[in-house]
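Quick mapping for you: the protein sequence lines, in order, are chains X and B.
Residues in the first sequence are numbered consecutively from 1, following our numbering.
Residues in the second sequence are numbered consecutively from 1001, following our numbering.
Where is the CB? At the ideal position from N, CA and C, for every residue including glycine.
Since this is a predicted model, take the numbers as computed values, not measurements.
A short write-up of the structure that comes next.
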Amino acid sequence: MAEIVAIDAERLAQDRAALARALSAVAGGDRAAFEDVYRRTSAKLFGVCLRILPERQEAEEALQEAYISVWRRADTFDAAHGTAMTWLMTIARNRAVDRLRRGGKIATAPIEAAEDVADPTPAATDLVARSQDEQRLHHCLGMLPAGEAGFVRTAFLEGSSYSELAARSGVPLGTVKSRMRRALAKLRLCLQ
Amino acid sequence: MSASTALPEEDELIAAELALGLLAADERAAAEARLTEPAFRAAHARWQHYAVGMIAGGEEPPRPSIWAAIEARLPGNDAASGAGSSPLRWWQASTALASIAAVLLGAIALRPTPTPVIVAAPPPPRPAAALVAVLVGDKDNGAIAVSYDPASDRLILTPTRLAIGKRDAELWVIGGDAKPRSLGVIPAGEIAKRNPGIDLAKRIVAGATLAVSAEPIGGSPTGQPTGPVLYVGKISAT
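Rendered as structure tokens:
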């Protein structure tokens, strides 16, 4: 089992502030700051792309598209409404989902068993550094009934809407919505 | 994390559904409209954070050539990349429009009719070079003649025929940084006169691009173009 170490909260706060500053400099066209943002975040964003796009080359393309979006839209980042890392990862997820859905295949693909889509298990010798935030999220996902965390996660990884989830699984729309909302409500309670 | 806000559970769930991309188009639009409410916005931000937290993991530094490819694709670096095509900016996507604009600009200064009505302004202390552009659309959609006088900060648009349907036409100036900046909505069929103001005026220079996009009534809700390009042209000095 991987050891989980707590990230020093102060160090985390400093890193967050530095990233937010670099991103705001990117908004002003600062290329050195853009490279700084890339160095700080590309491993995480690439991880997201790889989870969404099975082919490595596709993931690499999506990553490029994500950073081009970051360059173009850095002035839309609002530090009052979320961290820079969340903003960046959301862009990476969105570009990867765009790419995934481009062929149109996913809209009719059968839904994988939700249980299969779990967190990648870190190798036993890895130290997994997690902030308190991340630890709490993983704890709460683990508290959901079997299959539910995968259900929520898969929907987000594949960019599926309620109607698509219903169509792909052959389950009525209302049922899909209730299931998702139950899971989200439980998550909310745990995360408060 | 701080204690929960007073947001009712239903609203919290909608914020989550919006962040997770679960909503159908009309429900999504309704939820997005609520992002102006502070508590809803805060809940949405929180769920975006949870959402990416759920899919994080498998971190891996990309190959060094990926950064090189990104750098090459940044606006201004496109000429240096050499390998493969650079992504077209949205206003260049219609290459037919861009090339027509280049040809016409040489042949036409301003369309004579209807005659623009220019409100008399005090003569500028020094003559400053006026700038013009002809924004060209698809064959039957006419064109928009634009003139700009830097000395008086007066921008005049003379549309001949705007085929826009039930939307508004919004004018954008795009400079070397490839970021469209709005010069406002153009009333169809009328001559538009405006003073862009200092910040925008400095971007209205020879070589910059002007483009008109179709937007919802009242203009783009996002501050960036959301609709298709209808007219495009480059600014040149007279």
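Identified DSSP bridge partners for residue i
{"i": "Gly1184/B", "result": "Leu1171/B"}
{"i": "Ser1200/B", "result": "It should be pointed out that residue 1200/B corresponds to Leu in this sequence rather than to Ser. Beta-bridge pairing links Leu1200/B to no other residue."}
{"i": "Val1134/B", "result": "Ala1145/B"}
{"i": "Lys1193/B", "result": "Ile1156/B"}
{"i": "Ala1237/B", "result": "Leu1131/B"}
{"i": "Ala6/X", "result": "Arg130/X"}
{"i": "Tyr1231/B", "result": "Val1212/B"}
Where residue i falls: helix, strand or coil (DSSP)
{"i": "Arg1063/B", "result": "coil"}
{"i": "Glu1037/B", "result": "coil"}
{"i": "Leu1074/B", "result": "coil"}
{"i": "Glu1027/B", "result": "helix"}
{"i": "Val70/X", "result": "helix"}
{"i": "Ala1214/B", "result": "strand"}
{"i": "Asp1177/B", "result": "coil"}
{"i": "Lys1166/B", "result": "coil"}
{"i": "Phe77/X", "result": "coil"}
{"i": "Gly1058/B", "result": "coil"}
{"i": "Ile52/X", "result": "helix"}
{"i": "Lys186/X", "result": "helix"}
{"i": "Pro1112/B", "result": "A caution first: Pro1112/B carries a pLDDT of 46, below 50, which makes its placement in the model too unreliable to give a value."}
{"i": "Leu157/X", "result": "helix"}
{"i": "Leu1022/B", "result": "coil"}
{"i": "Gly193/X", "result": "This structure leaves residue 193/X out entirely; chain X is present only between 1 and 192."}
{"i": "Gln1224/B", "result": "coil"}
{"i": "Ala109/X", "result": "coil"}
{"i": "Thr175/X", "result": "helix"}
{"i": "Leu144/X", "result": "coil"}
{"i": "Gly1207/B", "result": "coil"}
{"i": "Gly1219/B", "result": "coil"}
{"i": "Arg181/X", "result": "helix"}
{"i": "Glu115/X", "result": "Note that Glu115/X scores a pLDDT of 47, beneath 50, so its modelled location is shaky; the value from the coordinates is reported in the next line. Glu115/X falls in the helix class under three-state DSSP."}
{"i": "Thr90/X", "result": "helix"}
{"i": "Gln192/X", "result": "coil"}
{"i": "Asp30/X", "result": "coil"}
CB-CB length for residue i against residue j, believed under 8 Å
{"i": "Ala1178/B", "j": "Arg72/X", "result": "7 Å"}
{"i": "Gly1233/B", "j": "Leu1135/B", "result": "4 Å"}
{"i": "Leu144/X", "j": "Ala183/X", "result": "6 Å"}
{"i": "Asp75/X", "j": "Ala27/X", "result": "4 Å"}
{"i": "Arg21/X", "j": "Val1052/B", "result": "Actually they do not touch by this definition, with Cβ atoms about 21 Å apart."}
{"i": "Ser161/X", "j": "Ala1024/B", "result": "6 Å"}
Nearest candidate by alpha-carbon position, reference residue i, set the options
{"i": "Ile1174/B", "options": "Arg1167/B, Ile1204/B and Gly1223/B", "result": "Ile1204/B"}
{"i": "Ser69/X", "options": "Ala9/X, Gln14/X, Gly170/X and Val37/X", "result": "Val37/X"}
{"i": "Pro1196/B", "options": "Val1212/B, Ser1220/B, Leu1171/B and Leu1007/B", "result": "Leu1171/B"}
{"i": "Ala1214/B", "options": "Asp1168/B, Met1054/B and Ala1143/B", "result": "Asp1168/B"}
{"i": "Val1146/B", "options": "Glu1071/B, Ser1236/B, Leu1022/B and Gly1165/B", "result": "Ser1236/B"}
{"i": "Leu1210/B", "options": "Pro1180/B, Ile1198/B and Lys1193/B", "result": "Pro1180/B"}
{"i": "Pro1150/B", "options": "Gly1227/B, Gln1048/B and Asp1199/B", "result": "Asp1199/B"}
{"i": "Thr86/X", "options": "Lys105/X, Ala185/X, Thr41/X and Leu63/X", "result": "Thr41/X"}
{"i": "Glu35/X", "options": "Gln64/X, Glu55/X and Ile52/X", "result": "Gln64/X"}
{"i": "Lys1166/B", "options": "Arg1028/B, Glu1009/B and Pro1187/B", "result": "Pro1187/B"}
{"i": "Val48/X", "options": "Ala96/X, Arg136/X and Gln14/X", "result": "Ala96/X"}
{"i": "Leu1035/B", "options": "Ile1070/B, Ile1066/B and Ala1015/B", "result": "Ala1015/B"}
{"i": "Ala1130/B", "options": "Glu1032/B, Ala1192/B, Thr1158/B and Arg1154/B", "result": "Arg1154/B"}
{"i": "His1049/B", "options": "Arg51/X, Arg136/X and Thr108/X", "result": "Arg136/X"}
{"i": "Val1229/B", "options": "Tyr1148/B, Gly1137/B and Gly1218/B", "result": "Gly1137/B"}
{"i": "Leu18/X", "options": "Ile52/X, His139/X and Thr83/X", "result": "Note on residue identity: the sequence assigns Ala, not Leu, to residue 18/X. Taking only the C-alpha atoms, the option nearest Ala18/X is Thr83/X."}
{"i": "Pro1221/B", "options": "Ile1191/B, Gly1207/B, Ala1208/B and Val1185/B", "result": "Val1185/B"}
Chain A contact for residue i (CB, 8 Å cutoff)
{"i": "Arg1034/B", "result": "In the structure shown, chain A cannot be found, because the protein chains are X and B."}
Check your understanding: Going along the chain, which residues of the segment 1060-1076 of chain B sit with their C-beta nearer than 7 Å to a C-beta in chain X?
Key -> Glu1060, Pro1061, Pro1062, Ile1066, Trp1067, Ala1069, Ile1070, Arg1073 and Leu1074
**Study point:** Members of the segment 1175-1195 of chain B near chain X, C-beta cut-off 9 Å
**Key:** Asp1177, Ala1178 and Lys1179
**Study point:** Residues of the segment 131-145 of chain X whose Cβ lies closer than 9 Å to any Cβ of chain B, in chain order
**Key:** Gln132, Asp133, Glu134, Arg136, Leu137, His138, Cys140 and Leu141
Check your understanding: Which residues, in order along the segment 1010-1030 of chain B, keep a beta-carbon less than 7 Å from a beta-carbon of chain X?
Key -> Glu1012, Leu1013, Ala1016, Leu1020, Gly1021, Leu1022, Leu1023 and Ala1024
Exercise for review: Can you give me, in chain order, the residues of the segment 86-101 of chain X that have a beta carbon less than 7 Å from any beta carbon in chain B?
Suggested key: Thr86, Met89, Thr90 and Arg93
**Study point:** Proximal residues, the segment 1043-1059 of chain B versus chain X, C-beta separation under 7 Å
**Key:** Ala1045, Gln1048, His1049, Tyr1050, Ala1051, Val1052, Gly1053, Met1054, Ile1055, Ala1056, Gly1057, Gly1058 and Glu1059
Check your understanding: Which residues, in chain order, does the segment 143-162 of chain X contribute to contact with chain B at a C-beta distance below 9 Å?
Key -> Ala149, Val152, Arg153, Ala155, Phe156, Leu157, Gly159, Ser160, Ser161 and Tyr162
Check your understanding: Using a beta-carbon distance cut-off of less than 7 Å, what residues from the segment 42-60 of chain X approach chain B?
Key -> Ser42, Ala43, Lys44, Phe46, Gly47, Val48, Leu50, Arg51 and Glu60
Exercise for review: Select from the segment 11-27 of chain X all residues with a C-beta closer than 9 Å to any C-beta belonging to chain B, and list them in chain order.
Suggested key: none
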